[in-house]
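Same order as they appear, the protein sequences are chains E and L.
In the numbering used here, each residue's number is its place in the first sequence (first place is 1) plus 33.
In the numbering used here, each residue's number is its place in the second sequence (first place is 1) plus 33.
Positions of the beta carbon are idealized from the N, C-alpha and C atoms, including for glycine.
Report on the following structure.
There are 2 protein chains.
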Amino acid sequence: MLNQERMERVLKAMDAQQMLICDPNAIFYLTGKWIFPGERFLGLLVRRGQEPVLYVNELFRFAEDLGVKKVYLKDTDEIASVLAQEVDVHEVLGVDKTLEARFLLPMLQMGIAEKFINGSLAVDHTRAVKDAAEIALMKQSSLINDQAMVQFKKLPHEGCTEKELADQTLAIYQSLGAEAFSFDPIVAFGRNAADPHHMPDNTVLKEGDAVLFDVGGKYQNYCSDMTRTFFYKKEPSAKQKEVYDLVRKANESAEEYVKPGMRLCDIDAKARDVIAQGGFGKDFTHRLGHFIGIQDHEYGDVSAAFADQCVPGNIFSIEPGIYNQEILGCRIEDLILVTENGHEVLNHYSHEIEVIE
Amino acid sequence: MLNQERMERVLKAMDAQQMLICDPNAIFYLTGKWIFPGERFLGLLVRRGQEPVLYVNELFRFAEDLGVKKVYLKDTDEIASVLAQEVDVHEVLGVDKTLEARFLLPMLQMGIAEKFINGSLAVDHTRAVKDAAEIALMKQSSLINDQAMVQFKKLPHEGCTEKELADQTLAIYQSLGAEAFSFDPIVAFGRNAADPHHMPDNTVLKEGDAVLFDVGGKYQNYCSDMTRTFFYKKEPSAKQKEVYDLVRKANESAEEYVKPGMRLCDIDAKARDVIAQGGFGKDFTHRLGHFIGIQDHEYGDVSAAFADQCVPGNIFSIEPGIYNQEILGCRIEDLILVTENGHEVLNHYSHEIEVIE
Chain E
34 MLNQERMERV
44 LKAMDAQQML
54 ICDPNAIFYL
64 TGKWIFPGER
74 FLGLLVRRGQ
84 EPVLYVNELF
94 RFAEDLGVKK
104 VYLKDTDEIA
114 SVLAQEVDVH
124 EVLGVDKTLE
134 ARFLLPMLQM
144 GIAEKFINGS
154 LAVDHTRAVK
164 DAAEIALMKQ
174 SSLINDQAMV
184 QFKKLPHEGC
194 TEKELADQTL
204 AIYQSLGAEA
214 FSFDPIVAFG
224 RNAADPHHMP
234 DNTVLKEGDA
244 VLFDVGGKYQ
254 NYCSDMTRTF
264 FYKKEPSAKQ
274 KEVYDLVRKA
284 NESAEEYVKP
294 GMRLCDIDAK
304 ARDVIAQGGF
314 GKDFTHRLGH
324 FIGIQDHEYG
334 DVSAAFADQC
344 VPGNIFSIEP
354 GIYNQEILGC
364 RIEDLILVTE
374 NGHEVLNHYS
384 HEIEVIE
Chain L
34 MLNQERMERV
44 LKAMDAQQML
54 ICDPNAIFYL
64 TGKWIFPGER
74 FLGLLVRRGQ
84 EPVLYVNELF
94 RFAEDLGVKK
104 VYLKDTDEIA
114 SVLAQEVDVH
124 EVLGVDKTLE
134 ARFLLPMLQM
144 GIAEKFINGS
154 LAVDHTRAVK
164 DAAEIALMKQ
174 SSLINDQAMV
184 QFKKLPHEGC
194 TEKELADQTL
204 AIYQSLGAEA
214 FSFDPIVAFG
224 RNAADPHHMP
234 DNTVLKEGDA
244 VLFDVGGKYQ
254 NYCSDMTRTF
264 FYKKEPSAKQ
274 KEVYDLVRKA
284 NESAEEYVKP
294 GMRLCDIDAK
304 ARDVIAQGGF
314 GKDFTHRLGH
324 FIGIQDHEYG
334 DVSAAFADQC
344 VPGNIFSIEP
354 GIYNQEILGC
364 RIEDLILVTE
374 NGHEVLNHYS
384 HEIEVIE
């Protein structure tokens, strides 16, 4: 059913009078209905002062009343012509950033609107500020992730591979009440932990390896995302401990700094400065964090490129890392919520160095 | 490494002198390299008489020489400006059908080409004709699917749910040498089998239920896709048998008809006529089949909308179904290869009525 409050916020944020939303995640966000159109067209036309129209292929016909007008499309329909019946040709049309060329080019050619602009920021900015219902689900999702990590750290054993461990994680999420992964889990042993984009492979665990889990599950459609780096059967060396402690300090300094009004780029800098001052600046190769919600990566980065101030309801990751092939690959990641007066870290799993057996 | 033969075929098929390919599947098809850019830009610019250029975010930097020029993008780069350095502003630019508005609109605004057209048919038509290496992989993939079905039909037991069975299928594929699903498996019991888009849920199996498996695995990146409908612990009724036999006859009549020069719409009609003559025309609600390869659904349908003649190397599904809530939901699907002189059905699992225990 159409969420009136979210819709109002989107309408208010729109630059244009009319917008065509196509992203299934955004349509779920607004209507509560998941429609995965595959290669077929899906669109929700929203307009100031008029009823929204949902365009959906007749294959995905459904009975519920979502509080929007429904237009069923046939495979043989020309999408641009059908849209032209509702879109105001004398007005700018905001289109979804994900609208594909195969649909957009015919609309342009047919000239169904005065001008076409990327209108997604209206939806993105709205989704970036979670409402109370979303915050409750995000908290529960991260609580499940905390509990899952307790079980994940018990999985490693002599001779096991990364893939073997990764394959066991979904069942653990499901046993804890999550319905799916937020993203494919990263399990990385030893030097593999020094590759931030490593995918689990047949690498075999050795004593003294770092064991990195970057994992998340979905709870009632809302994503969690957390990273911890453990040590297998052996205390880290002094040099490894130095790296770990720097990453931990970067994480905690950034988290501590989060409150309404702080700029995302400055939060990023907080963590980055700690690591740079420790002499490992070149080994922290990515943004500090990303926004998250229905999708594991939503619009908004905690990075030098984002000067927006954070506001209550924002939820993003804080995930500094040092990727040093010679010493250690290590990342410590939490999700954090911006509150009225400060912040609340949604993950509670310890940041302490932990040797697992 | 760039597959010269495939690239030549794409260049020959292009309407424009230059084309921007963005689909990771198409880029894998041409270069052998998987790059999943997430929300970041990925593009392979191909031009007649000039070296291809691969645009990829520096996050996905890689060492291999693919035989193409590489341009690494930063998150702060304006994609349209970077492309403008290589794209010929005086020529038409074919763009990928999947190119998103957030990238296409700035290109249009900046006017980096004379005109923009959807250029994907050049790639789609090329991919629709599998070469020898692809045919070998598609055959092996379907052989694995045949073996998997033998195991799947043994899974049902008193009190089990659709989800429970679906959850066991991935491990079976992997044990047989497939690396992943082609698509999320459909397992449907009883009346659920009469919904062609049913997703496995907590429905419990009952004696006398139809048990439909629509499943596929990936073998070395190539997809299989097969459907069989079994009966649990009880022979089908006379009416159910009539429906099953019609679907089977529709499947086999269509398969028998496949050879070079036959039109896809006529293959569809072959199956559809059988079902219509049997009095169940209104219960066969979808196209007869779809092309398949690296993706489970590729360009090309076996439907009334496609009048193209099939040619050697085409591989598509033949999947008639009757979805009748009162009598039976039933589908029988194979993959079929068009050969020089006729066809080869890639699935070998029997079409006979089978009662499972």
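Of the candidates E:80, E:205, E:360 and E:355, E:80 places its Cα closest to the Cα of residue 124 of chain E. For residue 382 of chain L, the three-state secondary structure derived from DSSP is coil.
Inter-residue distance for residue 347 of chain L and residue 329 of chain L is about 14 angstroms (C-alpha atoms, whole angstroms). When CB distances to chain E are screened at a threshold of 8 angstroms, the residues of the region 150–167 of chain L falling below it are 150, 151 and 153, in chain order. A check of alpha carbon separations from residue 360 of chain E across E:273, E:334 and E:388 identifies E:273 as the nearest. Counting along the chain, no beta strand (DSSP E) covers residue 63 of chain E; the unbroken alpha helix (DSSP H) around it starts and ends at 57–64. For residue 316 of chain E, there are no C-beta contacts with chain L under 7 angstroms, since the nearest C-beta of that chain is about 15 angstroms from it. Contacts between residue 71 of chain L and chain E, judged by CB atoms closer than 7 angstroms, involve 330 in chain order. Contact between the region 255–265 of chain L and the region 318–337 of chain L is present: three or more C-beta pairs spanning the two stretches fall below 8 angstroms. For residue 368 of chain L, the secondary structure class from DSSP, reduced to helix, strand or coil, is strand. Among the bridge pairs identified by DSSP, residue 44 of chain L is matched with none.
The C-beta of residue 296 of chain L comes no closer than 7 angstroms to any C-beta of chain E. Contact annotation: the region 126–146 of chain E touches the region 49–64 of chain E, with at least three C-beta pairs closer than 8 angstroms. Residue 358 of chain L sits close to residue 224 of chain L, with the two beta carbons spaced by under 7 angstroms.
In the three-state reduction of the DSSP assignment, residue 159 of chain L falls in the helix class. Taking the Cα positions, residue 309 of chain L is about 9 angstroms away from residue 316 of chain L.
The beta carbon of residue 313 of chain L sits closer than 8 angstroms to the beta carbons of 276, 279, 355 and 357 from its chain, once the five residues preceding and following it are set aside; these are given in chain order. Per the coordinates, the alpha-carbon of residue 320 of chain L lies some 37 angstroms from the alpha-carbon of residue 206 of chain E.
By the rule that beta-carbons nearer than 7 angstroms mark a contact, residue 202 of chain E does not touch chain L. Taking 7 angstroms as the threshold, the shortest C-beta distance from residue 133 of chain E to chain L falls below it. Scanning the region 109–170 of chain E from its first residue to its last, the whole alpha helix (DSSP H) runs of 4-plus residues come out as 112–117, 134–143 and 153–161. Each of L:116, L:174 and L:384 was checked against the Cα of residue 87 of chain L, and the nearest Cα belongs to L:116. Under the Cβ distance rule, residue 130 of chain L counts among the residues neighbouring chain E, one pair being separated by less than 7 angstroms. Minimum Cα-Cα distance from residue 296 of chain E among the listed residues E:282, E:268, E:345 and E:264 corresponds to E:345.
Of L:202, L:370 and L:388, the smallest CA-CA separation from residue 172 of chain L is found for L:370. Put simply, of L:48, L:261 and L:208 the residue whose alpha carbon is nearest the alpha carbon of residue 383 of chain L is L:261. Judged by DSSP in its simplified three-state form, residue 51 of chain L adopts strand. Under the criterion of beta carbons closer than 8 angstroms, residue 174 of chain E and residue 251 of chain E qualify as touching, at roughly 7 angstroms. Taking C-beta atoms as the reference points, residue 351 of chain E and residue 284 of chain E count as a pair closer than 7 angstroms.
Counted as a single uninterrupted DSSP element, the beta strand (DSSP E) harbouring residue 103 of chain E occupies residues 102–106. Annotation: residue 83 of chain E is outside any alpha helix (DSSP H); the continuous beta strand (DSSP E) that includes it extends over 83–90.
DSSP places residue 232 of chain E in the coil class of the three-state scheme, outside both helix and strand. Residues of the region 334–368 of chain L whose Cβ lies closer than 7 angstroms to any Cβ of chain E, in chain order: 338. The continuous stretches of alpha helix (DSSP H) do not include residue 347 of chain E, and DSSP gives it neither H nor E.
When 9 angstroms is used as the limit between beta carbons, residue 109 of chain L is near these residues of chain E: 337 and 338, in chain order.
Interface flag for residue 53 of chain L against chain E is unset, since no Cβ pair is found closer than 7 angstroms.
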